[in-house]
Amino acid sequence: MQDIKKTSSVMTDTPKSHRRSRGLNWGDPFFKSATFLFAMLVLTILSGIVIVLFIDAWPALKQFGPAFIWTSSWNPVKDSYGAFVPLVGTIETAVIAMVIGVPFSFGMAFFLTEMCPHWLRQPIAIAIELLAAVPSIIYGIWGLFVLVPICQKYVEPFLIATLGSVPILGHLFQGPPIGIGVFLAGIILALMILPFITSVMREVFAAVPAVLRESAYGLGATRWEVVWRVVLPYSRVGVVGAVMLGLGRALGETMAVTFVIGNAHRLSMSLLAPGTTISATLANEFTEADGELYTASLIALGLVLFILTFAVLAIGKRMLLRTSGKGGLA
Amino acid sequence: MLKQFGKIGRAGLVALAVMATATVAQAADISGAGATFPYPIYAKWAEAYKAKTGIGMNYQSIGSGGGIKQIKAKTVDFGASDAPLTGDELKETGLAQFPMVMGAIVPVVNLPGVKPGEMVLNGHVLAEIYLGNITKWNDPQIAALNKGVALPDQAIAVVHRSDGSGTTFNFTYYLNSVDAKWAAVGVDKAVEWPVGLGGKGNEGVAALVGQTAGSIGYVEYAYALQNKLTYTDMLNQAGKRVQPSLASIQAAAANAKWNSVPGFGVILADQPGAESWPMTAATFILVYHKQDKPANGKAVLEFFKWCYEHGDKLAEDLVYVPMPKNVVEQVEDSWKTVTDASGKPVL
Chain A
1 MQDIKKTSSV MTDTPKSHRR SRGLNWGDPF FKSATFLFAM LVLTILSGIV
51 IVLFIDAWPA LKQFGPAFIW TSSWNPVKDS YGAFVPLVGT IETAVIAMVI
101 GVPFSFGMAF FLTEMCPHWL RQPIAIAIEL LAAVPSIIYG IWGLFVLVPI
151 CQKYVEPFLI ATLGSVPILG HLFQGPPIGI GVFLAGIILA LMILPFITSV
201 MREVFAAVPA VLRESAYGLG ATRWEVVWRV VLPYSRVGVV GAVMLGLGRA
251 LGETMAVTFV IGNAHRLSMS LLAPGTTISA TLANEFTEAD GELYTASLIA
301 LGLVLFILTF AVLAIGKRML LRTSGKGGLA
Chain B
1001 MLKQFGKIGR AGLVALAVMA TATVAQAADI SGAGATFPYP IYAKWAEAYK
1051 AKTGIGMNYQ SIGSGGGIKQ IKAKTVDFGA SDAPLTGDEL KETGLAQFPM
1101 VMGAIVPVVN LPGVKPGEMV LNGHVLAEIY LGNITKWNDP QIAALNKGVA
1151 LPDQAIAVVH RSDGSGTTFN FTYYLNSVDA KWAAVGVDKA VEWPVGLGGK
1201 GNEGVAALVG QTAGSIGYVE YAYALQNKLT YTDMLNQAGK RVQPSLASIQ
1251 AAAANAKWNS VPGFGVILAD QPGAESWPMT AATFILVYHK QDKPANGKAV
1301 LEFFKWCYEH GDKLAEDLVY VPMPKNVVEQ VEDSWKTVTD ASGKPVL
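This is the structure in structure tokens:
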């Protein structure tokens, strides 16, 4: 800003013969308005999406009201729809993905920054980036053809036999092992969000000043203590951001989940049972939804997902705001 | 310089002429969308037709519900559905409907050691499985029908369709005819299934059954053959055990009164007859009476006329039964109602 003011005062004070070397005066205001336009465009698109979602979902919202969120039926014959089952499925798969994915990512980032021999660092980093580049539908197909038989024959019977008999946790691991289900969908989601969270965590860990790390080592801290007490608190903001990024992807992932989740509109205590998520429901049923209420209910589902993602991001931002004073990488 | 100009000029004229003939010779491809049930035979017919005439037929296998939705939205030249529209719906939407080919819906199972056609089920047991009342393979009701088949003590993983499907419509219609308890679930292209996993399209159900041990699903017979799935025999209304085959489908269609329903919308489930396959279904094509693009309408009807006249062998190779000759005559007669804006028939 100040440079522009300086230039313009120079422009008016300098005689014409000296102005040749000053450059065009219209460039800066043009640039400013163009970038302002782009920013406004993003806001416009976002509000446009919300408005269109609301308008198209209105017949369903009017018919069912807020009860739409906790109704668990999904009956196209009787035209009775409720978002509860897809919503619970979305949250369940996202939570499983985070519970499995975040510790793994943390471990990988830890290994890559602290303990990895130099010659191994680049190959692993490249492998992680490649994992991020695999299209999500490939994960779905691979999950269906490779993971489902393995899960059905070995993993699920093992879980039912061991965790199934634990008093409270056991309810989550009941039922016949069919491979397909919420649990497998959560595992595949974990694999999909691993690369994102790992790369961001790794960069954030690596950006911690060497001085801090070395001082900690100098004082006799172990590797674990350095990471847990020095690196992690310093990079807290970046880590939370990485986790939010992964969670956002897990909530919205469609094709990989549709292949392996079983598309069943039924609530079940067990994680090994088939279920559905909001995106899987939309992917399966949207093209053929016949009837105004059916289509409106599907769009209302989309609206629910939008609000959920928005809420999750807002919580993430709030967490960042609270900790930004304490971390180093604000 | 004039000589050079002449050379270039002549070359240019030749190029223009070639381009002109090329554009004249190229006719528009026709597009359709809908049922996954007849997709294998439509794909084969389109291939043969393109080899013969150069006109391509682009068919999107998205399910009967999708086909009805897309033809209503006029995004395709024709829609395909195994769930026929009622007379009122046809009048309301201005669509003409005609049957194209008939096929069999077969139950497919994934039980290691069981060969195709070794097991037999009846409508009542099938309904009980899909209602969730029979949960294990060695249940007495299944064992009673299958003496001599080693049934494991394993839970049944039920597989159904997750999308809007004419195959589901015909399957639930059959279950509703044979089991009073099915009325709680209903008959439609998409229902609220009491148990089971959902696969997208006949293709999805075939993939899920192939992957999941101890599963049962329902697919069109061509999918069971092409994916080498284990299908079962059925007991029909007469109590006789029948296999899915051209003969059993034809037997089921023999008594059909095609003229009795508007738009030829006859449902062939649970037909009487000792040889009839109980889950036979016809699949239908939907086109508008009033064509906005008469040239496309004509191309569509010409394609289906060719399929009626030359497609029988290809259909029978995939165990689809072509429509009987008298029905074809009635259908082609009904094409007179497919007209352009002025009322002149397009074909």
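Protein chains in written order, with our numbering: chain A, 1 to 330; chain B, 1001 to 1347.
Glycine included, each C-beta is placed from N, C-alpha and C at the ideal position.
Since the model is a prediction, treat every value here as computed from it, not as a measurement.
Chain B has a Cβ within less than 7 Å of the Cβ of Val-77/A. DSSP places His-1160/B inside the beta strand (DSSP E), whose first and last residues are 1157 to 1161. For the pair of segments examined, the segment 1189 to 1199 of chain B was found to touch the segment 1126 to 1145 of chain B: the number of CB pairs separated by less than 8 Å reaches three. Its chain contains no residue whose beta carbon lies nearer than 6 Å to that of Pro-1140/B once the 5 sequence neighbours on both sides are disregarded. The Cβ-Cβ distance between Gly-1201/B and Pro-1084/B does not fall below 7 Å. Residues Met-244, Leu-247, Gly-248, Leu-251 of the same chain have their beta carbon placed closer than 8 Å to that of Val-312/A, with the five preceding and five following residues left out of the count. In the structure shown, Met-1100/B adopts extended strand secondary structure according to DSSP, grouped into three states. Under the three-state reduction of DSSP output, Glu-1192/B falls in the coil class, being neither helix nor strand. Residues of chain A whose Cβ lies closer than 9 Å to the Cβ of Gln-1211/B are, in chain order, Leu-144, Phe-145, Val-148, Pro-149, Gln-152, Gly-179, Ile-180. Runs of the alpha helix (DSSP H) spanning 4 or more residues and lying entirely within the segment 263 to 330 of chain A occur at 278 to 285, 292 to 323, in chain order. For the 7 Å CB-CB criterion, Val-1209/B and Asn-1122/B do not form a contact.
Ranked by how close their Cα comes to the Cα of Ile-1249/B, the residues Lys-1257/B, Thr-1337/B, Thr-1053/B, Leu-1268/B have Leu-1268/B in first place. Nearest C-alpha to Ala-1274/B among Thr-1086/B, Tyr-1320/B, Gly-1066/B, Gly-1239/B: Gly-1239/B.
For Glu-214/A, the enclosing alpha helix (DSSP H) begins and ends at 210 to 218. Under the three-pair Cβ rule at 8 Å, the segment 1250 to 1260 of chain B counts as touching the segment 1322 to 1335 of chain B. Apart from the 5 residues on each side of it in sequence, Tyr-1049/B sits with its Cβ closer than 7 Å to the Cβ of Ile-1055, Met-1057, Phe-1303, Trp-1306 in its chain, given in chain order. With 16 or more neighbouring CB atoms inside 10 Å of its own CB, Trp-1182/B falls in the buried class. With a beta-carbon spacing of about 7 Å, Leu-184/A and Val-148/A fall inside the 8 Å limit used to define contacts. Annotation: the continuous beta strand (DSSP E) that includes Thr-1283/B extends over 1280 to 1288. Ranked by how close their Cα comes to the Cα of Thr-287/A, the residues Ala-1035/B, Arg-1010/B, Val-1346/B have Ala-1035/B in first place. Across the structure, Ser-268/A and Ile-160/A are spaced so that their CA atoms are roughly 15 Å apart.
In the three-state scheme derived from DSSP, where H, G and I count as helix and E and B as strand, Asp-1029/B is classed as coil. Taking 9 Å as the Cβ-Cβ cut-off, the segment 1174 to 1206 of chain B approaches chain A at Val-1185, Gly-1186, Val-1187, Asp-1188, Lys-1189, Ala-1190, Val-1191, Glu-1192, Trp-1193, Pro-1194, Val-1195, Gly-1196, Leu-1197, Gly-1198, Gly-1199, Lys-1200, Gly-1204, given in chain order. Taking a C-beta distance under 7 Å as the contact criterion, Ile-1041/B and Tyr-1320/B qualify as a contact pair. Interface annotation for the segment 266 to 291 of chain A against chain B: Arg-266, Pro-274, Thr-276, Ala-280, Thr-281, Ala-283, Asn-284, Glu-285, Thr-287, Glu-288, Ala-289, Asp-290, criterion Cβ-Cβ distance under 9 Å. Residue range 84 to 110 is occupied by the alpha helix (DSSP H) that includes Met-108/A, with no beta strand (DSSP E) assigned at that position.
Taken atom to atom, the span from the alpha-carbon of Thr-1280/B to that of Ala-1252/B is near 7 Å. Closest in alpha carbon position to Ile-69/A, among Phe-54/A, Met-192/A, Val-88/A, Ala-34/A, is Val-88/A. 7 Å or more divides the Cβ of Tyr-1174/B from the Cβ of Val-1187/B. For chain B, the residues of the segment 176 to 206 of chain A that bring a beta carbon within less than 7 Å of one of its beta carbons are Pro-176, Ile-178, Gly-179, Ile-180, in chain order.
Collapsing the DSSP output to three states places Met-115/A in a helix. Contact annotation, Ala-280/A with Ile-261/A: C-beta distance approximately 6 Å; criterion of less than 8 Å satisfied. Per DSSP, the beta-bridge partners of Ala-1080/B are Gly-1034/B, Ile-1285/B.
Contact of Asn-263/A with chain B by beta-carbon distance below 8 Å involves Ser-1162, Leu-1197, Gly-1198, Gly-1199, Lys-1200. Taking 8 Å as the Cβ-Cβ cut-off, the segment 1233 to 1262 of chain B has no residue approaching chain A. Listed as beta-bridge partners of Thr-1232/B by DSSP are no residues whatsoever.
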